[in-house]
Structures are given as C-alpha cells and as structure tokens.
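**Student:** Read in order, the letters of the sequence shown are residues -16 to -1, 1 to 62 in mature numbering (1 follows the signal peptide of the UniProt record, and there is no 0). Glycine included, each C-beta is placed from N, C-alpha and C at the ideal position.
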Amino acid sequence: MAMHLFCFAVVNVVSCGVIELRNEPTCSPGDNYFAAGPKCNNFFSCRDGVLEIVECRWDFLWNDTIKRCDAPENVQCE
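Right, dumping it as structure tokens:
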C-alpha cells in the first residue's frame, strides 16, 4: 500500500492531502493517463516512467473516455 502526498496552491493558500493507494499501478513506456479511484477528481499521470497522481482543477472530474478532466455533467462517476 502506498501513500502519496499531493498539494496545490491558490493565491497564498496551500491545500494538502494524502491519498492512500491500495494497488498502485506501474508505468509502461510512453505517456499514459488513467483514473485514480472512485472519487473521479484525480487521475494518474505516467510520463517517462514516472507515476504521479494529479487533481483536476476547479470542479472538473476525470473523464476516462477522453483521458482528460471534464465538466461534471459529462462524466459518469460513482
């Protein structure tokens, strides 16, 4: 089980959190992006073999069909 710390800053305000990953994926060669969990507000980014968890901006959610963050009304999320 892996723990990943993520932070983002908006005009002198920093918000951080820890996301617990039970089955952390591995990166294959090339760039890949895929869902990170049931909340849909973040996704995995694999770039040059480096795995990162990225949070969608604003109120957008990860749309695994088009492989990008999208408006909530366009995303089917649990």
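How many Å lie between Asn25 and Glu39 at the Cα?
**Tutor:** Their backbone Cα atoms lie some 6 Å apart in a straight line.
**Student:** Using C-beta distances below 6 Å, list every residue in its chain close to Cys30, excluding the 5 sequence neighbours before and after it, in chain order.
**Tutor:** Answer for Cys30: Cys11 and Asn16, listed in chain order.
**Student:** Closest to Leu45 by C-alpha separation, out of Glu8, Asn58 and Gly14, would be which residue?
**Tutor:** The shortest C-alpha separation from Leu45 is found at Asn58.
**Student:** Counting only the same chain and skipping the five closest in sequence on each side, list residues whose C-beta sits under 8 Å from that of Glu62.
**Tutor:** So the list reads Pro22 and Cys24, once near-sequence residues are dropped.
**Student:** What's the call for Val55, buried or exposed, on a 16-neighbour Cβ count within 10 Å?
**Tutor:** The sequence shown places Ala at residue 55, not Val. Looking at its Cβ environment, which holds fewer than 16 other Cβ atoms inside 10 Å, Ala55 is exposed.
**Student:** Nearest-angstrom Cα distance between Val34 and Pro13?
**Tutor:** Roughly 10 Å separates the two Cα atoms.
**Student:** Alpha carbons only, please: which of Pro9, Phe18 and Glu8 is nearest the one belonging to Arg52?
**Tutor:** Minimum Cα distance to Arg52 is reached at Phe18.
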